[in-house]
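A.B. asks:
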Amino acid sequence: MDKLTLGGKEFESRFILGSGKYSLKLIEAAVKDAGAEIITLAVRRANTKEKENILDFIPKNVTLLPNTSGARTADEAVRIARLSRELGCGDFVKIEIMRDSKYLLPDNQETVKATEILAKEGFVVLPYMYPDLNVARDLVNAGAAAVMPLGSPIGSNKGLATKEFIQILIDEIDLPIIVDAGVGKPSQACEAMEMGAAAVMANTALATAGDLPLMAKAFRLAIEAGRNAYLAGLGRVLTRGASASDPLTGFLRD
Amino acid sequence: MENQFFVDSEHLSKEALDKKHQLEKDPSCRTNPMEYMPGMEKIKSDVCDKVMNEVKSFDYTKYTAKDVRAALEHDKCSVEDFKALLSPAAEPFLEEMARKARLETSKHFGNTVYIFTPLYIANYCENYCVYCGFNRYNHINRMKLTLEQIEREMKVIAESGMEEILILTGESRAQSDVKYIGEACRLARKYFRMVGLEIYPVNTEDYRYLRECGADYVTVFQETYDIEKYEKLHLAGHKRVWPYRFDAQERALMAGMRGVAFSALLGLSDFRKDALASAMHVYYLQRKYPHAEMSLSCPRLRPIINNDKINPLDVHEKQLCQILCAYRIFLPFVGITVSSRESAEFRNGIVKIAATKVSAGVSTGIGDHESKYEGKDAADKTGDEQFEIEDGRSLKKMYGDIVGEGLQPVLNDYLYV
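Which chain is which? The protein sequence lines are H and U, in order.
For what it's worth, the numbering used here labels the leading residue of the first sequence as 1, then goes sequentially.
For what it's worth, the numbering used here labels the leading residue of the second sequence as 1001, then goes sequentially.
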């Protein structure tokens, strides 16, 4: 598989793993079986005292992608990102700004603001957003390292409910498009990758699986399959029936 | 059957006893529970009307197994579906409800369970709430911790590894004023990552002050949404004013608190209606303040000092479980707290289905953490407890038990921003 480049760093894996919804002891196995090189974590979870800090359970060779969950405004997200850096979580940050506790839908406007501030401070900014082309362009201009549109609401496992709009982002935006949230099954991850997504992120889908490490592996394989299919160039897919064998334009003489 | 709440203490003066009996027997000497007392802020809000209209029209006897099945099949739980799940018709479907609830919990919270502990800093109270151990006529050891004592208690609790604390007082504005509570919050921020408050309801400006002091989450139990019953249970004191209490969460949110918690005390009145009202209270406030974090508790009546007969009547563990499953299915995004009023077995079971937060290392008394946590004899006197707890597990034991259930205990998921 070709490499994914984010913030000047190269990654073999295109599977970004969440960490917040399952047992700390399973993180290592999940990382291994997912073949993941990037793992997200909530700064608010990492900001804990000595007893079982989530940071202690994350293998040292993976890149941390701290998120700003809990932030309701750009200002709060910026402060959380700075704290994350102080905690030694590195320069990557996933912006999550929610003003809605029910669906946890991202606030696009505030996300653009936070992206601009943090990119200027040297962060590698990966903003979680609702797939809107104009906002995606603003994020590019604000200095984002990738754009992370949601497939469907967080935790819903409903897959690519926003498929058409994610496709538009993939077609029009020159940054990596990473599908985040709502990806519930490996087949959905595969579908996103076939469309040309640069990577897929999942958390709930693994946390709610019967066998977490096995599901991590299933996602890895699905993402690889999808990426290879995209690189190979998908063949013709008929929407219905068969194609006419006699060409309609066969009567044209010159 | 009803609970027998009235207990006379031999320590009361004749004057006090006469007043107590009058309050108990003569409704005409009691104040109007819908009338605000001087100093109580009145906000403009339509939430109360909306909630109470739902409760008024709720006839849980009309729901059938068919309604319950439909509710369980729906992808999204409507208010009607929720009502069906709370009805007696849903009782035979408890296992199905639990399965659906577990799925919703895991989608929103994964397998995490949050742990916190309450810290009572004073038990003086001006109210006469007949079921509560702190009520002004109950003969108990009264106490208010000094700031030094509060800090010592906090140190002991923090050393056990706890990172989230809930500060509680009895409801006495005279003994435990807002400034005193604010100072306790400032101390708590030194030792804990998250500070919640469960105190008497206050005005918006006081909530704003307490937020500046470091509190970020406000819990107020409405006890019962049945106003007629409320009047008979809360006979005197500012708590008697029902609507002021109802709007407490909204005032807290207006003051910038990050989250609020709600509850009815199950066993006081018709528990199905109270469960509906609590959830609708959350539902309508969430629509008005979509950014706010919300959580529900589900306490049942417990015995108190000087009255060991108090019990939750018809709210057995099965009914409690039904309510919690219905809450989870209807409001999948809210936190659900199950306190040490319930047994270890019940709590171990319910965290796998619907609950997301449990308390540990609990004392509902005043100033006794050092003796309880470290086995030291209490150097000072201590204050008596609000109610008897059922689950006395320490943080360490609770942590281990949660891990043993295949779940992940979380001590902090919070950041002040």
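Idealized CB from N, CA, C, for every residue including glycine.
(1) For R227/H, would you say it is in contact with chain U, using Cβ-to-Cβ distances shorter than 9 Å as the test?
(2) Going by DSSP, name the residue or residues bridged to S1343/U.
(3) Whole angstroms are fine: how far does the CA of S1269/U sit from the CA of T63/H?
(4) In this structure, what does DSSP give as the bridge partners for H1316/U?
(5) Could you check whether the region 1347 to 1358 of chain U touches the region 113 to 127 of chain H, counting it as contact only if at least three pairs of C-beta atoms, one from each stretch, sit closer than 8 Å?
(6) Using the Cα positions of P186/H and K1288/U, report the straight-line distance between them to the nearest angstrom.
(7) Helix, strand or coil for F219/H per DSSP?
(8) Going by DSSP, what residue range makes up the alpha helix (DSSP H) through S1045/U?
(9) Checking contacts by CB at 9 Å: is F1262/U closer than that to chain H?
(10) If the cut is a Cβ gap below 8 Å, which residues of chain H does K1107/U touch?
(11) I believe H1291/U touches D100/H by the beta-carbon criterion, under 8 Å. Please report the beta-carbon distance rounded to the nearest angstrom.
(12) Looking only at C-alpha atoms, which of S1297/U, E1342/U, L1296/U sits nearest to E1000/U?
(13) Please list, in chain order, all residues of the same chain as R44/H whose beta carbon is under 8 Å from its beta carbon, the five residues on each side excluded.
(14) Among the residues of its own chain, which have a CB less than 8 Å from the CB of Y1131/U, if the five just before and after it don't count?
(15) Tell me the residue span of the alpha helix (DSSP H) that contains K3/H.
(16) Going by alpha carbons, who is nearest to Q1408/U out of S19/H, T5/H, S13/H?
(17) Taking G1406/U as the reference, give the member of K25/H, E224/H, I97/H, A232/H with the closest Cα.
(18) Expressed to the nearest angstrom, what Euclidean distance is found between the alpha-carbon atoms of N1412/U and N1307/U?
(19) How is C1185/U classed by DSSP in three states: helix, strand or coil?
(20) Just how far apart, CA to CA, sit P1299/U and G1133/U?
(21) Go ahead and pull the three-state DSSP assignment for Y1128/U.
(22) Taking only beta-carbon atoms, is Y103/H less than 9 Å away from chain U?
(23) Note down, in chain order, each residue of its chain lying with its Cβ closer than 7 Å to the Cβ of Y1124/U, except the 5 sequence neighbours on either side.
(24) Closer than 8 Å by beta-carbon distance: list the chain H residues that pair up with L1415/U, in chain order.
(25) With a threshold of 8 Å on Cβ separation, who are the neighbours of I166/H within its own chain once the five nearest residues in sequence on each side are excluded?
(26) Start and end of the beta strand (DSSP E) containing M1194/U?
(27) In chain order, what residues of the same chain have a beta carbon less than 7 Å from the beta carbon of Y1063/U, not counting five sequence neighbours either side?
(28) Taking a cut of 7 Å between CB atoms, which residues from the region 1013 to 1043 of chain U lie near chain H?
(29) Quick one, which residues of the region 1162 to 1181 of chain U are near chain H if we go by CB-CB under 7 Å, in chain order?
(30) Taking a contact to mean a Cβ-Cβ separation below 9 Å, would you say A189/H touches V200/H in this structure?
(31) List the whole-angstrom C-beta distance separating E2/H from L231/H, where the pair is believed to meet the contact cut-off of C-beta under 8 Å.
(32) Assuming N966/U contacts A1236/U under a Cβ cut-off of 8 Å, what Cβ separation, rounded to an integer in Å, is found between them?
(33) Where do the ends of the alpha helix (DSSP H) carrying N67/H lie?
(34) Do Q1322/U and F1262/U have their CB atoms nearer than 9 Å?
C.D. replies: Considering the structure as presented:
(1) Taking a beta-carbon distance threshold of 9 Å, R227/H does not count as an interface residue toward chain U.
(2) BP columns for S1343/U are empty, so no partner.
(3) One C-alpha to the other measures close to 54 Å.
(4) Paired residue(s): none; H1316/U is not in a bridge.
(5) The way I'd put it, the region 1347 to 1358 of chain U doesn't touch the region 113 to 127 of chain H; fewer than three beta-carbon pairs between them come closer than 8 Å.
(6) P186/H and K1288/U: Cα-Cα distance of roughly 37 Å.
(7) If DSSP states are grouped into helix, strand and coil, F219/H belongs with the helices.
(8) S1045/U -> no alpha helix (DSSP H), and no H or E assigned at all.
(9) It does not; no Cβ of chain H falls within 9 Å.
(10) The answer, in chain order, is G155, S156, N157, T204, T208.
(11) The Cβ separation is near 7 Å, so the contact holds.
(12) Only positions 1001 to 1417 of chain U appear in the structure, and residue 1000/U is not among them; the question remains open.
(13) Excluding residues within five positions, the ones whose Cβ falls inside 8 Å are S69, G70, I80.
(14) So the qualifying residues of the chain are N1003, F1005, L1233, L1265, L1268, L1301, I1304, I1310.
(15) Secondary structure note for K3/H: it is in no alpha helix (DSSP H), with a DSSP letter that is neither H nor E.
(16) Comparing C-alpha distances from Q1408/U to each of S19/H, T5/H, S13/H shows the shortest one belongs to S19/H.
(17) With distances taken between Cα atoms, G1406/U lies closest to K25/H.
(18) Taking the Cα positions, N1412/U is about 37 Å away from N1307/U.
(19) In the structure shown, the three-state DSSP call for C1185/U is helix.
(20) Taking the CA atoms as reference points, P1299/U sits about 15 Å from G1133/U.
(21) In the structure shown, Y1128/U sits in a strand (DSSP, three-state: E or B).
(22) It does: the Cβ of Y103/H has a partner Cβ on chain U nearer than 9 Å.
(23) Taking Y1124/U as the centre and dropping the five residues before and after it, the same chain places the C-beta of R1142, K1144, G1170, S1172, Q1175, S1176 closer than 7 Å to its C-beta, in chain order.
(24) Chain H residues near L1415/U: V43, R44, N47, G70, I80, L83.
(25) Cβ within range, chain order: P131, P149, G151, L160, I177, V179, A192, M195, A197.
(26) Unbroken beta strand (DSSP E) run through M1194/U: 1194 to 1198.
(27) Cβ within range, chain order: K1083, A1084, S1087, A1089.
(28) So nothing in the stretch comes that close.
(29) Considering only beta carbons, the part of the region 1162 to 1181 of chain U lying closer than 7 Å to chain H consists of E1163, in chain order.
(30) Going by C-beta atoms, A189/H is nearer than 9 Å to V200/H.
(31) In the sequence as displayed, the identity of residue 2/H is Asp instead of Glu. At roughly 7 Å, the Cβ-Cβ gap stays under 8 Å, so D2/H and L231/H are in contact.
(32) It is not possible to answer for residue 966/U, since the shown part of chain U is limited to 1001 through 1417.
(33) First-last for N67/H: 63 to 67, but that is the beta strand (DSSP E), not the alpha helix (DSSP H).
(34) No, the Cβ-Cβ distance between Q1322/U and F1262/U is not below 9 Å.
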